[in-house]
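A quick write-up on the structure given underneath.
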Amino acid sequence: MHEGRRLVILGALFGMVGVLMGAFGAHALEELLKANGRQSVYDTAVQYQFIHALAILFVSSAIRRWPGGLTRASGILFVVGTVFFSGSLYILAIFNVPFMGAIAPIGGVALVLGWLCLILTAWQNNIA
């Protein structure tokens with residue numbers, strides 16, 4: 004399967020799961036999240052998942068036009084970063100597992116590196 008196609012599927016999947024998690028958090032988990040004091044943590048997970056679902060979809064198109072390693076790395080870093088960042092925050096918020104808060108920065112670093120790879124892709128390809 005072509006890398007761009009995989010990224011379209013993953014980006015769309017992350018977007019779909021983001022909608023489901025947002026609805027789940029607003030309805031089924033509302034009382035639990037308020038009781039745990041973790042509503043804002045959960046909301047942050049949903050927000051970053053949506054942002055990076057769109058970023059992954061963008062990279063799926065960019066990889067066809069600029070097929071270098073940095074573009075590919077950007078997609079991989081966005082996928083891994085979203086799983087680690089949003090995933091750990093979901094677990095922290097729902098199950099109140101404190102050490103998951105230490106996992107989120109690993110995902111955050113991956114997301115930042117993904118954006119850096121896109122910047123370098125633009126620089127290398129003289130994208131205006």
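Residue numbering for the sequence shown follows this note's numbering, beginning at 4 and increasing consecutively. The beta-carbon is built from N, C-alpha and C at its ideal position, and this holds for glycine as well.
Rounded to the nearest angstrom, how far is the Cβ of residue i from that of residue j, given a contact under 8 Å?
i     : j      : result
Ile66 : Glu6   : 6 Å
Leu95 : Met103 : 4 Å
So, at 8 Å on beta carbons, what are the nonlocal neighbours of residue i in its own chain, with the 5 sequence-adjacent residues on each side left out?
i      : result
Thr85  : Phe17, Tyr51, Gln52, His55, Ala56, Ile59, Gly110 and Leu114
Ile130 : Trp69 and Thr124
If we call anything under 7 Å between Cβ atoms a contact, is residue i one with residue j?
i      : j      : result
Ala107 : Phe88  : yes
Leu10  : Ser63  : yes
Thr124 : Thr74  : yes
Leu36  : Gln42  : yes
Val44  : Leu119 : no
Leaving out five residues before and five after residue i in sequence, what residues of the same chain have Cβ atoms less than 6 Å from its Cβ?
i     : result
Met24 : Val49
Asn99 : Asn39
Trp69 : Thr124 and Asn128
Gly28 : Tyr45
Gly90 : none
So, at 7 Å on beta carbons, what are the nonlocal neighbours of residue i in its own chain, with the 5 sequence-adjacent residues on each side left out?
i     : result
Met19 : none
Ala76 : Cys120
Measuring CA to CA, which of the options is closest to residue i?
i      : options                       : result
Leu13  : Phe27, Tyr45, Leu32 and Val83 : Val83
Val112 : Ile79, Glu33 and Pro101       : Ile79
Arg8   : Gly72, Gly71 and Phe61        : Phe61
Can you give me the start and stop residues for the alpha helix (DSSP H) that residue i sits inside?
i      : result
His55  : Gln42 to Arg68
Pro108 : Ala107 to Gln127
Met103 : Where Met103 is concerned, there is no enclosing alpha helix (DSSP H), given that its DSSP letter is neither H nor E.
Leu36  : Glu33 to Asn39
For the ligand ZN, is there any heavy atom lying closer than 6 Å to the beta carbon of residue i?
i      : result
Ala107 : The model depicted lacks the ligand ZN and carries no ligand whatsoever.
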